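For the sequence shown, the numbering used here gives the first residue as -7, with consecutive numbering after it.
Heads up, the thing below is written out as structure tokens.
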Amino acid sequence: MNQIDLLDRKFKIIAVNKGFVTRGEMDRAMGEQARLAAAGKPQASLADILISSGVLTVEQHQEILQAPKKNSKKQPMNGDASAAAKDLSTREEVDIGFGVTVSDDLLEAHIFPKERNSAKAALTELKAWVASQGIKFGLVEDDKINAYLAQNPLPSEPWLIAAGEAPAAGKNPAIKYYFDRSPLKACTLTESGTIDFKDRGKIPQLREGDLVAEKIPGTKGTPGTNIQGKPIAPPKLKEIKFKGEKGTQMSEDRLKIFARINGRPEVIDEGIISIQSALDIPCDVGLETGHIEFAGNIEVRGSIHDGFRVKGQSLHADQIGKAKIEVDEDVIIRKGINGAKIKAGGTVSAKFIYKSEIDAIGDVAVEKEIRESRIDTDGLCLVKRGKLLASRIDARQGIESVEIGSGASKPCTLIVGVNSRLAKTVNEIKSRITEKEKVNADLQSIIDKNQRAADQVDQEITRLADEEGNILAQRVPLENKIKALRDQPNSEMMAKAEEAIQQIDDRLVQLQENVGELFDKQEDIAAEMAGHQRELNDCEKEVQGMCDEINNISELAKKEKVNASVKVSGNITARTIINGPQASLTCPENYERVHIRETKIADDKSNVRWNISISPL
-7 MNQIDLLDRK FKIIAVNKGF VTRGEMDRAM GEQARLAAAG KPQASLADIL
43 ISSGVLTVEQ HQEILQAPKK NSKKQPMNGD ASAAAKDLST REEVDIGFGV
93 TVSDDLLEAH IFPKERNSAK AALTELKAWV ASQGIKFGLV EDDKINAYLA
143 QNPLPSEPWL IAAGEAPAAG KNPAIKYYFD RSPLKACTLT ESGTIDFKDR
193 GKIPQLREGD LVAEKIPGTK GTPGTNIQGK PIAPPKLKEI KFKGEKGTQM
243 SEDRLKIFAR INGRPEVIDE GIISIQSALD IPCDVGLETG HIEFAGNIEV
293 RGSIHDGFRV KGQSLHADQI GKAKIEVDED VIIRKGINGA KIKAGGTVSA
343 KFIYKSEIDA IGDVAVEKEI RESRIDTDGL CLVKRGKLLA SRIDARQGIE
393 SVEIGSGASK PCTLIVGVNS RLAKTVNEIK SRITEKEKVN ADLQSIIDKN
443 QRAADQVDQE ITRLADEEGN ILAQRVPLEN KIKALRDQPN SEMMAKAEEA
493 IQQIDDRLVQ LQENVGELFD KQEDIAAEMA GHQRELNDCE KEVQGMCDEI
543 NNISELAKKE KVNASVKVSG NITARTIING PQASLTCPEN YERVHIRETK
593 IADDKSNVRW NISISPL
């Protein structure tokens, strides 16, 4: 034992006794000392290691060094000092030459020889000593300990003597969303294989009663045990928010959220969900948003750019470019419409409409101007304070404008009082009737062709039947001839007669096969004809149904009485064309402040004619 070892032996007793260092800190310092020695580095004292690690101060070290001098004086011991001495004496007695280090989480303990070649202990002695260090759980198997102790010399590296059981972490609760939280894609691939950067995917939408989100409960972890035999609690499960806000309904067990209304799901905060009946777009509709399709009210706080589509229940926006709009209700534009195609189930309003096509069920109301556009509405077309220029307006309930036309622009065509939508429906039905009649003609042609084929088969069957009768008639005399020749020794004539009979029989077999094939063909033709005939009958019924629909529409149109007119509070220019249900007029000159409408005129003989009349407003 060298000088450092002697000093360390006294040092560790005094340092622990004075409370400057805990037993665990001393053991860790001894483990570090052993590791340095194994690495071939100069031997460091325990004091140096503890001071460098910040466990021991220089002042405390000096006090420890002076302790032997103070203790060398013979002084009577009080009770506490006597107990401390006794404790030190006991520690010396149980010191078997090993040190122990324990991990901070108390899940591993390692032993090491304090002095190379000096640590000698039996299995039971070592286990008793380990137990005295407070290690009560996870001791390695006896055969492994024996194998370790049998090494000579013992390795200086710390050796695992005990391992606890770490707690098993549970599974945190989670939320499963039943909609796409990131619906916007960079682009989409069309059926033709091209990339559409304007189509960025569909906005998620839910219907009332749909499952929106579900909370998956967590599972608790399993406790562990440290080397002291004490339980280690598993990590606590993470708490998560799960709450339904506006437009949602929570299940009784608080684990599911359902949609209470139709709309768009929105995650306000992680686990907090609402359903919005309206779609609020805080920017322009363009490459950032892609096309918009939403079964609800759409509020665009900007413009709709050229080439984009918007489809929904209603639309509010600042401005529309060359876009395609289709909504079930109203289109309200705060500025203007420029080059758009709009189909609305309600009204359309804007400050101006330019080079656009509008098809609306409700009124079309414009503040300033309609120019170079086509308007079709079942309601009223109203230009409140401006002009109607170079446009075709078909407004069933009438047209009102300050100015209509100008000398420099193309003339307007105005249609009032005509249910153009019904007329369009009738034309569409007539087109379908024409298509069906062509199908009927094709089917009839096929049926006629099948009938001709069936007639040919009947003729062929009749011909073969006649041939079979003739052959059978030829067979009878030959049979009689053979009977007569049996009593005569003329074998040559008998052979010829039998050969002729065989030829007749072979032909009869062939005829029967041919007739059978013809009967099969006849059945196939009949089945095909029956199928085509059923299809023809169905088509004829469809045509009749469409004709009845046209008649019903015509009767409805006759019953409708719409007193539509054109009202101009300013000027209407010459060449403006005005059409009503029964009459039409091209304005021969400019007029100011007029009311234009279709009127019925009857002469003395009760003959009725219709006329477009112009009267002062």
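Just so it is clear, CB atoms sit at the ideal spot from N, CA and C, and this is done for glycine as well.
This one's a predicted model, so the numbers in the text were calculated from it and none came from an experiment.
- Task: Give the range of the alpha helix (DSSP H) segment to which V356 is assigned.
- Result: Here residue 356 is taken as the residue at index 364 of the sequence shown, counted from 1. Counting along the chain, V356 falls outside any alpha helix (DSSP H), though it belongs to the beta strand (DSSP E) covering V356 to R363.
- Query: Does the distance from the CB of T93 to the CB of P159 come in under 8 Å?
  - Reply: Counted from its first residue, the sequence shown places residue 93 at position 101. Counted from its first residue, the sequence shown places residue 159 at position 167. With respect to the 8 Å criterion, T93 and P159 are not classified as neighbours on the basis of their beta carbons.
- Quick one: Cα of F90 to Cα of K163, how far? Working through the sequence shown from its first residue, we reach residue 90 at position 98. Working through the sequence shown from its first residue, we reach residue 163 at position 171. Taking the Cα positions, F90 is about 42 Å away from K163.
- Message: I'd like to check one pair, T240 with S266: are the Cβ atoms closer than 8 Å?
- Response: Translated into the one-based positions of the sequence shown, residue 266 becomes position 274. Translated into the one-based positions of the sequence shown, residue 240 becomes position 248. The answer is yes: Cβ separation under 8 Å.
- Just to confirm, are K303 and E291 a CB contact at a threshold of 8 Å? In the sequence shown, the residue the question calls residue 303 occupies position 311. In the sequence shown, the residue the question calls residue 291 occupies position 299. Contact flag unset, no.
- Item | Strand pairing of H102, partner residues [DSSP] | Position 110 of the sequence shown, counted from the start, is the residue given in the question as residue 102. Answer is T93 and L152.
- Whose C-alpha, out of E459, A446, Q495 and Q451, is nearest the C-alpha of L470? Walking along the sequence shown from the start, residue 470 turns up at place 478. Closest option to L470, judged by alpha-carbon separation, among E459, A446, Q495 and Q451: Q495.
- What three-state label does DSSP hand G562 in the structure shown? Taking the first residue of the sequence shown as position 1, residue 562 is located at position 570. It is a strand residue.
- Item | Backbone CA spacing between A225 and G216 [nearest angstrom] | One-based indexing of the sequence shown puts residue 225 at position 233. One-based indexing of the sequence shown puts residue 216 at position 224. For A225 and G216, the distance between alpha carbons rounds to 7 Å.
- Task: Mark A26 as exposed unless 16 or more other C-beta atoms lie within 10 angstroms of its C-beta, in which case mark it buried.
- Result: Position 34 of the sequence shown, counted from the start, is the residue given in the question as residue 26. With 16 or more Cβ atoms within 10 Å of its Cβ, A26 is classed as buried.
- Task: Determine the closest residue to Q574 out of R585, V600 and Y583, with distance taken between C-alpha atoms.
- Result: Locating residue 574 in the sequence shown gives position 582, counting from the first residue. Ranking the options by Cα distance to Q574, first place goes to V600.
- With a 10 Å radius around its C-beta and 16 neighbouring C-beta atoms as the bar for buried, classify N70 as buried or exposed. Along the sequence shown, one-based indexing puts residue 70 at 78. With a pLDDT of 39 at N70, under the threshold of 50, the modelled position of this residue cannot be trusted; read the value that follows with caution. N70 is exposed by the Cβ-count criterion.
- Query: Nearest-angstrom Cα distance between S95 and E206?
  - Reply: In the sequence shown, counting from the first residue as 1, residue 95 sits at position 103. In the sequence shown, counting from the first residue as 1, residue 206 sits at position 214. Rounded to whole angstroms, S95 to E206 spans 42 Å at the Cα level.
- Message: Nearest by alpha-carbon distance to C539: which of I421, D447 and S398 is it?
- Response: In the sequence shown, residue 539 corresponds to position 547, counting from 1. Its Cα nearest to that of C539, the residue I421 stands out among I421, D447 and S398.
- One or two residues paired with W602 in a DSSP bridge: In the sequence shown, residue 602 corresponds to position 610, counting from 1. In the DSSP output, where bridge partners are listed per residue, W602 has K592.
- Thinking I249 and G236 are a contact (beta carbons under 8 Å), I'd like their distance in whole angstroms, please. Counting from one through the sequence shown, the residue named residue 249 turns up at place 257. Counting from one through the sequence shown, the residue named residue 236 turns up at place 244. The pair is a contact, with the Cβ atoms about 4 Å apart (cut-off 8 Å).
- Between I407 and I273, what straight-line distance do the alpha-carbon atoms span, to the nearest angstrom? Your numbering for residue 407 matches position 415 in the sequence shown. Your numbering for residue 273 matches position 281 in the sequence shown. Computed Cα separation, rounded: 37 Å.
- Message: I need the DSSP call for S295, collapsed to helix, strand or coil.
- Response: Position 303 of the sequence shown holds residue 295. When secondary structure is reduced to three states using DSSP, S295 falls in the strand class.
- Query: Roughly how many whole angstroms lie between the Cα atoms of I325 and A400?
  - Reply: Here residue 325 refers to the residue found at position 333 of the sequence shown. Here residue 400 refers to the residue found at position 408 of the sequence shown. Cα to Cα, I325 sits roughly 28 Å from A400.
- Is it right to say S306 is buried, meaning 16 or more other beta carbons lie within 10 angstroms of its own, or is it exposed? On the sequence shown, residue 306 is found 314 positions in, with the first residue counted as 1. With 16 or more other Cβ atoms inside 10 Å of its own Cβ, S306 counts as buried.
- Q436 beta carbon less than 8 Å from that of L528: Counted from its first residue, the sequence shown places residue 528 at position 536. Counted from its first residue, the sequence shown places residue 436 at position 444. The answer is yes: Cβ separation under 8 Å.
- Message: So for A75, helix, strand or coil by DSSP?
- Response: As a position in the sequence shown, residue 75 is number 83, starting the count at 1. A caution first: A75 carries a pLDDT of 37, below 50, which makes its placement in the model unreliable, though a value can still be read off. In the structure shown, A75 sits in a helix (DSSP, three-state: H, G or I).
- Item | Backbone secondary structure at T426 - three-state DSSP | Locating residue 426 in the sequence shown gives position 434, where the first residue counts as 1. Taken through DSSP and simplified to helix, strand or coil, T426 comes out as helix.
- Task: Within the same chain, show all residues whose beta-carbon is closer than 7 Å to that of R363, passing over the 5 residues directly before and after it, in chain order.
- Result: By one-based count along the sequence shown, residue 363 stands at place 371. Taken in chain order, the residues that qualify are Y346, L381, A382 and S383.
- Message: Tell me which residue opens and which closes the alpha helix (DSSP H) that V277 is part of.
- Response: Here the question's residue 277 lines up with position 285 in the sequence shown. It is not in any alpha helix (DSSP H) - V277 carries neither H nor E in the DSSP assignment.
- Please check the pair K316 and K333, which I expect to be a contact at CB under 8 Å, by giving their CB distance rounded to whole angstroms. Working through the sequence shown from its first residue, we reach residue 316 at position 324. Working through the sequence shown from its first residue, we reach residue 333 at position 341. By a beta-carbon distance limit of 8 Å, K316 contacts K333. Their separation comes to about 5 Å.
- Give a yes or no on whether the C-beta atoms belonging to I153 and I103 are separated by under 8 Å. What you label residue 153 is simply residue 161 of the sequence shown in a count that begins at 1. What you label residue 103 is simply residue 111 of the sequence shown in a count that begins at 1. Cβ distance < 8 Å, so I153 and I103 count as in contact.
- Message: My output table needs one value for G634: the three-state DSSP class, helix, strand or coil.
- Response: Summary: the structure shown does not reach residue 634, with the chain confined to residues -7 through 609, and so no result is reported for it.
- Query: Does the separation of the CB atoms of I545 and T417 fall below 8 Å?
  - Reply: Numbered from 1 along the sequence shown, position 553 holds the residue referred to as residue 545. Numbered from 1 along the sequence shown, position 425 holds the residue referred to as residue 417. Contact: yes.
- Query: Looking only at its own chain, which residues have a Cβ that is under 8 Å from the Cβ of D79, when we skip the five neighbours before and after it?
  - Reply: Along the sequence shown, one-based indexing puts residue 79 at 87. Residue placement at D79 cannot be trusted, given a pLDDT of 39 that sits under 50; the coordinates are not used to answer.
- Contact check, D368 vs S423, beta carbons under 8 Å: Position 376 of the sequence shown holds residue 368. Position 431 of the sequence shown holds residue 423. Taking 8 Å as the Cβ cut-off, D368 and S423 do not qualify as a contacting pair.
- Would you mind working out which of R15, L57 and L28 sits nearest V47, comparing C-alpha positions? Taking the first residue of the sequence shown as 1, we reach residue 47 at position 55. Put simply, of R15, L57 and L28 the residue whose alpha carbon is nearest the alpha carbon of V47 is R15.
- Item | Residues near Q525 in its chain [Cβ-Cβ closer than 7 Å; skip 5 each side] | Numbered from 1 along the sequence shown, position 533 holds the residue referred to as residue 525. If we look at Q525 and ignore the five residues flanking it on each side, its Cβ neighbours are I439.
- Query: Which residues in the same chain have their Cβ closer than 7 Å to the Cβ of L477, if we skip the five residues on either side of it in sequence?
  - Reply: Position 485 of the sequence shown, counted from the start, is the residue given in the question as residue 477. Correct list, in chain order: M485, M486 and A489.
- Message: Check for me: the alpha helix (DSSP H) holding Y140 runs from which residue to which?
- Response: For the purposes of this step, residue 140 is taken as residue 148 along the sequence shown, with counting starting at 1. For Y140, the enclosing alpha helix (DSSP H) stretches over residues D134 to L141.
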